[in-house]
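What follows is a single structure, written as structure tokens, with notes after it.
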Amino acid sequence: MKRTFLILVVVIASALFYSHYQIKRDITEGLDQIATQLSPIGELVYGDVTLHPSGSVEIANMAFQPHSSPDEITVERVKLDTGNPWVLFRLGGQLREKQIPDHMQLSVQGVALDIDSEYLDLLAKAGGDNPFARFEAAGCGDRDHFDAGDLAAMGYSTLVWDTSLGYRVTDAGTRFAIEGEFETRGQAAVTFKVVFDNDMSLDNVGATPAFARSSRLSFASLEVKDRGYLRRVADFCARQTDVSPAEFREQHLTAWRQNWQALTIDPGTTVMDAYRDYLEQPGNTLLLEIAPFPRLDLTENYLSTDPVYLSQRLNPKIGTANLPLQAVAMAKAEAVTGDDSREASRGSASDAVAVTRNTVAVTATALARHLQKDVSLNLVGGRTMKGRILRVDGQRIQLRQYVHGGNMDIPVELSQIRSVRLM
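Position one of the sequence shown corresponds to residue 1031 (my numbering), numbered consecutively onward.
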């Protein structure tokens, strides 16, 4: 009996050693292949590859140095966690069979960039093209986003990001939850959770397109935790606009609401009260939840963007660490802002495009404020097109239409549009 037990121990130890060796070798070879593929544009280096008994693998001290730039991108740690060493060993085979473990999480810790990095500047410029980026900088002079120079003036010399993304399968494979966190050290941490339900079981059908198509969104939450960014922004923008930090918060709230109204949305008292509490309490947490009823079918291509409809369909709630979650009741903003009126008055005849719902007039240059809105276009020649505005590219818009069971993105020249009506 004793001999049999010893043999069993040796066999198990040998299997564990082989599994450990095999996983580590596969990861190292994969990293070396990636480094070879990247070698024409830069050098990728990495430190120790470590396997843990909990079923996780960790790669330390990664760095990428482009040949064309002095800016080095460094990463403190990359970690994949499966919760079980046997699952980690079988992961490759499972994925090839379109099966996935019940739990998996990838985290990337300590991605660092200097504030004067050209990559950070590119990210900031990309953010400036986002119509929602102006919400962050609302009321801070004429800024529509904060660039690297602004961040440096706030006291940041290096930005370091930590991020994680994972999922968990429960309820016999019929519930799929995605969880993630993105933190910029010294600024803010954003945590989210999205839950999907399905009549099918992932255990039976696997990670297939059919499972994805039949999934329905039942719950989503978002938490934004301040890590010092609110105070720095208030101090910086107070200096820029020659007011006190408290006065800046008031002008920020006013401009923030006007940005929503420019999108024809009135956020309502509940949203404004929660956002005010978040701003006025450094270190605060802003909480948002939605619980669609009925659950939201992912194949529902044309969910109306009307704020009243969304308030009823998604059942949104908002709160803070100090204020309990409360139902959100947004409304349609009926009037254009002063900026819209001035812009309309100086728009040329060739540039003007009318949007006629509740007498709201919008110029072509203001169409970017109606992204993701469903519209009806009256074209030169009398033809009508219906769809959703995706973006404005110079003198054309990209319109998404639902055609024959699928989506089609169509460019439409502004010169061919006679009028636009919000649906």
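We put the beta carbon where it would ideally sit given N, CA and C, even for glycine.
Just so it is clear, the structure is predicted and the values come from calculations on it, not from any experiment.
query: Cβ contact check for the region 1256-1274 and the region 1180-1199: 3 or more pairs under 8 Å; result: yes
query: For S1334, the residue or residues it bridges with in DSSP; result: In the DSSP output, where bridge partners are listed per residue, S1334 has none listed.
query: Y1259: first and last residue of the uninterrupted alpha helix (DSSP H) it sits in; result: 1259-1271
query: Where D1284 falls: helix, strand or coil (DSSP); result: Here residue 1284 is Thr; the residue named in the question, Asp, does not match the sequence. It is helical.
query: Reduced DSSP secondary structure (H/G/I, E/B, other) of E1213; result: strand
query: For N1091, the residue or residues it bridges with in DSSP; result: Paired residue(s): none; N1091 is not in a bridge.
query: DSSP state of A1276 mapped onto helix, strand, coil; result: helix
query: Sub-8 Å separation of A1168 and N1314 beta-carbons; result: no
query: Contact check, R1262 vs M1134, beta carbons under 8 Å; result: no
query: Spatial neighbours of N1228 in its chain, beta-carbon cut-off 6 Å, leaving aside the 5 residues before and after; result: T1204, S1244, S1245
query: L1340 and E1253 closer than 8 Å at C-beta; result: no
query: G1368 versus E1073 - alpha carbon distance; result: Because G1368 carries a pLDDT of 45, less than 50, the predicted location of this residue cannot be relied on, and the following value inherits that uncertainty. Their backbone Cα atoms lie some 52 Å apart in a straight line.
query: Per-residue DSSP class, three states only, for T1066; result: helix
query: Residues bridged to P1322 (per DSSP); result: Answer by DSSP bridge pairing: none, since P1322 is not bridged.
query: Rounded Cβ spacing between R1430 and R1418 (contact assumed at less than 8 Å); result: 5 Å
query: With 16 other Cβ atoms within 10 Å as the buried cut-off, status of T1389; result: Residue confidence for T1389 is low, a pLDDT of 27 falling below 50, so the modelled location carries little weight; the figure read from the coordinates is stated next. It counts as exposed.
query: Where the alpha helix (DSSP H) through T1300 begins and ends; result: 1298-1310
query: Span separating the alpha-carbon of M1230 from that of L1409; result: 45 Å
query: Validate contact between the region 1334-1353 and the region 1287-1305 using beta carbons, cut 8 Å, 3 pairs; result: yes
query: Reference G1298; option with closest CA among K1128, L1260, L1420, L1283; result: L1283
query: Beta-bridge pairing of Q1431 - partner residues as DSSP gives them; result: M1438
query: A1218, DSSP secondary structure in three states; result: strand
query: Spatial distance of S1065 from K1128 (CA atoms); result: Here residue 1065 is Ala; the residue named in the question, Ser, does not match the sequence. Whole-angstrom Cα-Cα distance: 28 Å.
query: Close-in-space but distant-in-sequence residues of the same chain around K1223 (CB under 6 Å, 5 per side omitted); result: E1209, S1251
query: Span separating the alpha-carbon of V1358 from that of E1059; result: 51 Å
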